[in-house]
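K.L.:
First residue of the sequence shown? That's 1 in full-length UniProt numbering, and the numbers climb one at a time after it.
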Amino acid sequence: MSYTVSPIGFLRSCFKEKFAIPRQPQLAPAARGVLELLPPFDQGEAVQGLERVSHVWLLFLFHQALEDKPRLKVRPPRLGGNQSLGVFASRATHRPNGIGQSVVKLDRVEPGRLWLSGIDLLDGTPILDIKPYVPYADCVGEAVNAIADSAPQPITVDWQESALLQARAHGQRLGEPLVELIEQCLAQDPRPAYQVPPPQRRYGAAFWDVDVRWHYPEPGRIRVLEVIAPAASE
Ligand code: SAM
């Protein structure tokens with residue numbers, strides 16, 4: 001038996017590639033995006049009342065991780081990528097039906113558009129539904145998850161002076177908190193846990209329209225080396 005679902009909109013996100021996206025929402029409050037609703041949901045009626053809500057659930061498709069063959073076990077990055085777990089005990093992207101869910105902050109509502117922050121979604125993600133966060137029902141005080149019991153410990157991020165100036169300038173051009181976005185995302189240490197990064201190894205990821213390059217001068221510390229617009233990086 002199969003059912004068909006259709007996106008109600010697509011997200012325009014600060015994250016242009018999967019690498020360096022935080023592994024859950026809320027970890028990078030400066031991560032922003034705009035959800036553009038499709039007809040008929042692009043009319044004011046569909047979002048009427050949402051201005052009274054601070055956070056929403058997004059249900060979406062992991063459109064860049066869809067697979068034909070269902071997995072029963074996954075190796076979540078949270079466990080270092082070398083321990084496996086039942087797919088239903090994990091929030092990994094590779095899962096039956098490829099459905100993700102995130103609680104994100106709703107910053108502004110307009111007919112056809114929602115401004116969101118604290119997101120963990122890739123640019124172009126198809127959104128299947130939006131639901132208001134209901135604190136009395138969704139916040140479970142006594143909840144326990146012994147696999148992921150608290151947010152990962154952030155690592156230190158510092159800047160090469162020139163990179164900080166570049167990030168400030170691009171942030172101003174974009175009208176986005178780019179310095180904070182980079183710091184919050186890199187503090188999550190995007191590198192796969194099994195990689196031991198020698199200081200000469202460079203890592204990179206795209207945020208908005210800029211490429212960010214960094215290295216690990218020592219384990220547990222990131223230094224941002226460059227923040228460049230794609231044209232300048234060629
Ligand atoms: N909060 C969601 C959940 O629990 O269902 C997502 C958790 S999942 C572990 C977060 C990761 O999904 C991000 O770090 C990013 O690499 C990946 N991701 C985000 N949007 C995606 C998309 N549209 N397609 C594939 N992977 C995506």
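We put the beta carbon where it would ideally sit given N, CA and C, even for glycine.
Can you find a heavy atom of the ligand SAM that lies under 6 Å from the Cβ of Arg95?
P.N.:
Distances between the C-beta of Arg95 and the heavy atoms of the ligand SAM are all 6 Å or more.
K.L.:
On the DSSP letters alone, give me the boundaries of the alpha helix (DSSP H) that Glu45 sits inside.
P.N.:
Where Glu45 is concerned, the enclosing alpha helix (DSSP H) stretches over Gly44 to Val47.
K.L.:
Taking the straight line between their C-alpha atoms, what separation do you get for Arg95 and Ala28?
P.N.:
24 Å
K.L.:
Lys73: which of Glu67, Val227, Trp159 and Leu85 sits nearest, CA to CA?
P.N.:
Leu85
K.L.:
Confirm, please, whether the CB-CB distance from Ile182 to Asp120 is below 7 Å.
P.N.:
no
K.L.:
Quick one: what's Glu226 bridged to in DSSP?
P.N.:
Arg213
K.L.:
Taking one C-beta from the stretch 214-232 and one from the stretch 158-165 each time, how about it: are there three or more such pairs within less than 8 Å?
P.N.:
yes
K.L.:
Do the stretch 139-148 and the stretch 55-67 touch if we need at least three Cβ pairs shorter than 8 Å?
P.N.:
By the Cβ test, the stretch 139-148 is not in contact with the stretch 55-67, since fewer than three Cβ pairs between them sit closer than 8 Å.
K.L.:
Identify, in the order they occur along the chain, each residue of the same chain with its Cβ nearer than 8 Å to the Cβ of Arg71, setting aside the five sequence neighbours on each side.
P.N.:
Val87, His94 and Arg95
K.L.:
Arg182 lies in the alpha helix (DSSP H); which residues open and close that run?
P.N.:
Note that residue 182 corresponds to Ile in the displayed sequence, not to Arg. It spans Leu178 to Leu186 - the alpha helix (DSSP H) in which Ile182 sits, taken as one unbroken run.
K.L.:
Could you spell out where the alpha helix (DSSP H) holding Leu171 opens and where it closes?
P.N.:
Per the sequence presented here, residue 171 reads as Gly, with Leu not at that position. Glu161 to Leu174 is the span of the alpha helix (DSSP H), which, as asked, contains Gly171.
K.L.:
Kindly indicate which three-state DSSP category Glu110 falls into: helix, strand or coil?
P.N.:
strand
K.L.:
Just the Cα atoms here: how many angstroms apart are Glu226 and Leu178?
P.N.:
13 Å
K.L.:
From what residue to what residue does the beta strand (DSSP E) around Tyr203 run?
P.N.:
Tyr203 to Phe207
K.L.:
Any idea what DSSP makes of Leu61, helix, strand or coil?
P.N.:
Strand at Leu61.
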